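Trainee: This structure is in structure tokens; I'll ask about it shortly.
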Amino acid sequence: MPKENIVENLVIDISIDDDGWNNELPDAADIAVRAINATWDMACKKSLLGSGAKNRTAEVSLLLLNDDRQQTLNRDYLGNDKPTNVLSFPSGSLDGEALPIDAPWLLGDITIAMQTTTAEARAEKKTLANHFSHLTVHGMVHLLGFDHIEAAEAEIMENLEAEILQELGIENPYGI
């Protein structure tokens, strides 16, 4: 069942499509809202968004699913036939100013896989809540136009994520 949360000028639509999330992390939706809002706030503070962001409502969707569905998305959209922890599908527009004044600014979609996320948290000796927060921030930072393909870009993205996670009281996952 979808859960929609409105935080300032950001609409966050969360759908939980795997019961494992409710069993393993019952407050996943609340954790996600906190992580997405912290990312949005940081992007606004650091002026990382186009000038059109100030007076426009932006929207992001988060789908919490299982590894099988995540693997299908990873295969169909990225050509990687394996499950992965988080996928981001940016809308392509990073400047809300290019939109009609009454149109919402669709940032894009984030998907996070339950089994991979849980296994990683266990293997890395992290709480599931903290690892999930990090993956949510990571996905949101991708929607804001950041990437980690090249080393210089990765360093910028990881530093931004670490700063956002610090605001959430979560230790830097990159050890920087």
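The sequence shown begins at 907 in the numbering used here and counts up one residue at a time.
Each residue gets a CB set at the ideal place from its N, CA and C atoms; glycine is no exception.
Quantities reported herein were computed from a predicted structural model and do not represent experimental measurements.
1. With 16 as the cutoff for other CB atoms within 10 Å, does Q1072 come out buried or exposed?
2. Thinking C-alpha only, which one of D925, A944, T1023 is nearest E1069?
3. With DSSP run on the structure shown, which of helix, strand or coil describes T978?
4. Apply the 10 Å Cβ neighbour rule to N991 and answer buried if 16 or more other Cβ atoms are within range, or exposed otherwise.
5. Can you check which of these residues, D973, D933, H1054, is closest to A1025 by C-alpha distance?
6. Quick one: Cα of L954 to Cα of V917, how far?
7. Anyone know if the C-beta pair for A1035 and L968 falls short of 9 Å?
Mentor: By the coordinates alone:
1. With fewer than 16 other Cβ atoms from the protein chains shown falling within 10 Å of its own Cβ, Q1072 counts as exposed.
2. A944
3. helix
4. buried
5. Nearest option by C-alpha distance: D973.
6. 18 Å
7. no
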